[in-house]
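Taking it in order: structure first as structure tokens, then the write-up.
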Amino acid sequence: MNKLTLSAREIWFQCSHCARESYCGQEYEEMNDPEVLCPFCGALMKLGAVRLDLLNAPPRPAARQARTAQATKVAPRPPVPTKDRGGIKDFRAFLRDYEEQFPDDVFHVDKELRAEFECSAVAKKFDERGEYPLIIFHRVVNRNGRVSRFRASVNVVGDRQKMAFALNSDIDHVGEEWARRVQGGKRPPVLVPSKQAPCKENIVLGNTVDLWEFPVLRIHEMDPGHYISAGLLTCYDPEKRAVNCAYHRGFVVGPREIRCYLSPGTHNAWNYRAHEELGEEMKVAFWIGHHPAVTMGAHTHMGYPSDHYEAAGAVLGEPLRVTASETLGDDFLVPADAEVVIEGIMRPGHRAPEGPFGEYPRYYGPQIMSPVMEVTAVTHRNDAIWDTHMVGMVHDYGGMQAEHVIYDVVRRAVPQVQRVYLPRSGNGRFHVYLQIKKTHDGQPRAAIMATLAAFEWVKHVVVVDNDIDVYSDAQVLWAIATRSQWDRDLIVVPGCLGSQLDPSATRSAESTKAGIDATMPASPQRYPMRVNVPADVMKRINLEDILPVEQLARRSVGRYSCLPSATDD
Ligand SMILES: Cc1cc2nc3c(=O)[nH]c(=O)nc-3n(C[C@H](O)[C@H](O)[C@H](O)COP(=O)(O)O)c2cc1C
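Letter 292 of the sequence shown, counting from 1, is numbered 383 in the working numbering, and no numbers are missing.
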């Protein structure tokens, strides 16, 4: 049985006095010519005279539905205004503009902190509070034991607000905006002469390179050392020469050696394998620190091979400025406005132990043999800022990358899809919440199937109605609790390819996927109404007018927890 054959448990009626609708229980069916009481105006009337014929009734007028949902309706988020000051959109411009707009969401840490664990402890304290402020560390003791000449930043795209700001969008539509910009047309990059490229303000070659001079962070206790985690690893495929960019973690083993984790399904891994088959070394560059519109665009998941610099230009809204590499040839291009560019080569068959590493599911991914990048040059801006993603802590970035792809795929099957959200509770990967404006009981299943096929690491899909706030785990769980029966509404698909980093999957990443239809039956069927206090009264009553303001401000309602926090004894 599915929701198509569900018969309503309630008997609906429309008051003959005030015309508002309500319902009584099925036991009225057993009674002889029963009377019902209108809960709104108090009128008594014969049920037989006012009963609604649901299956033949016209769909409920939109205004009535809206009134039912009013008490919990999500307030529309105001767009985040950005200033377009003109000039080059780079990392610094973003940091400056964001801080100007949201000064309380940026912290500057002047105290001397070690790159080993201490900076990540600061970020972790916020993570435990569910907060992801942008933090700039000004005095970081690097792996060489010296205060680095460079600043370190974390959480630059730690939450939706920052990404929305980068794309001049709002937190509801930033995923859509990302997709719209990519589809709107790729923009070929423009070449900037080396002398005019800010990333060439400092050029360090060969044996004089010392990556440990940068504030490269060691994040989690079992990470074997200091890692690059916000570097876009860039290379060209040997056949079409399309430039590919993606975030890959890099274990900075020595001043000039980085071991890079390339999971087998990624295009950089394919490129490396293709070079290995040809017996050739692969030229690679990590670039770190750029305007998030550039990093988001360059990191767009696309068909293979695709030009990621063109996608960066599309998302940025103007061509990406690129310049020739120092040591990889004039046809190997790097972003001219990046804070730091690291150039090098990966030789075929040269792999070495890398990891374990605190990964996005918030477990340590195992140690594996990873390709070794031999560094040939580093170029950087004056006073470069070294950026780090707090992988292994919660952030919205990973989910956001998938959101717009899933939105597009689902929209083809179910145009009624309203919102897609990959919540932090699923590490922005494993759970997908879909909000739809349902018109047919078959739509949730179609949406579930489309979503499960969109990304290998998506595990669980929950489809909810458009009165549920998909950004709230609590509301989605409430919809599951009150709108689903799992013999009818649960789809389970065993034996799928899942995430290699899901500790509950098999060694070969075999995983079971599932979807829950947590929607109400489609109109004209009815469902019990959500409780609400009349909206006009809610608007009129302000706690501050009625209760002592100081007492209200003093109250800190703690969250219940049965576990000690990491800092408790
Ligand atoms: C912060 C961050 C770090 C990542 N680290 C890695 C990594 O170390 N190895 C990896 O294979 N994928 C990593 N990923 C995922 C890839 O970047 C992502 O799957 C990307 O789309 C792959 O690129 P492709 O579309 O060119 O295949 C990371 C993603 C993020 C957001």
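Every residue, glycine too, gets a C-beta built ideally from N, C-alpha and C.
Under the three-state DSSP convention, the category residue i falls into
i	result
P426	strand
H366	helix
T159	Legend: pLDDT at T159 = 38, less than 50; position of this residue unreliable, value from coordinates given subsequently. Three-state DSSP puts T159 in a helix.
T610	coil
K630	helix
E372	coil
H522	strand
H551	strand
R332	coil
M620	coil
G456	strand
Y318	strand
Q507	coil
D580	helix
D564	helix
P306	coil
G449	strand
S416	coil
T479	strand
D195	helix
I559	coil
L543	helix
H392	coil
F208	coil
G356	coil
G517	helix
I262	coil
M313	coil
M122	coil
R278	coil
Straight-line Cα distance separating residue j from residue i
i	j	result
M491	D564	17 Å
G408	R272	8 Å
P619	A475	59 Å
L353	D428	25 Å
D250	M484	12 Å
R645	D195	21 Å
R111	F131	7 Å
L296	S416	12 Å
A333	A321	22 Å
V622	I459	53 Å
E118	R503	43 Å
D314	H441	21 Å
L90	P224	Not covered by the structure: residue 90. The range shown for the chain is 92 to 660.
E126	Q509	41 Å
L369	V505	44 Å
C106	Q591	58 Å
I102	N633	37 Å
V469	W303	12 Å
H495	T597	28 Å
D398	R309	32 Å
L638	Y451	44 Å
G236	T325	30 Å
F241	D478	10 Å
Q192	Q576	46 Å
E312	F448	9 Å
Rounded distance between the beta-carbons of residue j and residue i, thought under 8 Å
i	j	result
G446	P457	6 Å
L654	G606	Contact doesn't hold; Cβ gap of about 30 Å is too wide.
L145	R617	6 Å
V248	M254	5 Å
L358	P426	First, the residue type needs correcting, since residue 358 is His and not Leu in the sequence shown. The Cβ separation is near 18 Å, so there is no contact.
P410	P289	Actually they do not touch by this definition, with Cβ atoms about 16 Å apart.
A243	P306	4 Å
T610	C587	Going by Cβ atoms, the distance from T610 to C587 rounds to 23 Å, so no, they are not a contact pair.
Y562	Y512	6 Å
T556	K529	The sequence shown places Asp at residue 556, not Thr. About 6 Å; that satisfies the 8 Å criterion.
Beta-ladder partner(s) of residue i, from DSSP
i	result
Q105	E112
A468	L296, E434
F228	V200, A243
Y338	L323
E601	L588
M136	V127
Y512	Y524
C351	G341
I179	Beta-bridge pairing links I179 to no other residue.
P444	M460
W378	L323, V432
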